[in-house]
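As structure tokens, the structure follows; a few thoughts come after it.
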Amino acid sequence: MPLSGEAIRMMNYVDDVATTLRRIQALIPTLTADERQRVSEYLGKSTPSAQDVLSALQSK
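With the working numbering applied, the sequence shown corresponds to residues 15 to 74, in that order.
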């Protein structure tokens with residue numbers, strides 16, 4: 015069954031998020047320990063998280 019345009023668009027968003035996370039991961043070695051801690055806390059508090067979205071997709 016072919017995917018709807020909306021499903022394809024959402025998959026493209028996932029690709030964009032993955033690209034952003036790769037960029038963040040590549041820059042981690044340039045951060046100080048304090049900066050890593052602050053970015054870690056900021057990411058941890060981000061809502062919705064990837065896990066939140068994954069759970070919503072799997073429950074419907």
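From the three backbone atoms N, C-alpha and C, an ideal C-beta is built for every residue, glycine too. Small disclaimer: the values here were computed from a predicted structure and weren't measured.
In this structure, how does DSSP classify residue i when only helix, strand and coil are distinguished?
i	result
Leu45	coil
Thr61	coil
Leu35	helix
Met15	coil
Looking at the C-beta of residue i, does it have a partner C-beta in chain C at a distance below 8 Å?
i	result
Arg36	The chain inventory of the structure shown lacks chain C, comprising one protein chain alone.
State yes or no: is the C-beta of residue i within less than 8 Å of the C-beta of residue j?
i	j	result
Ile42	Arg50	yes
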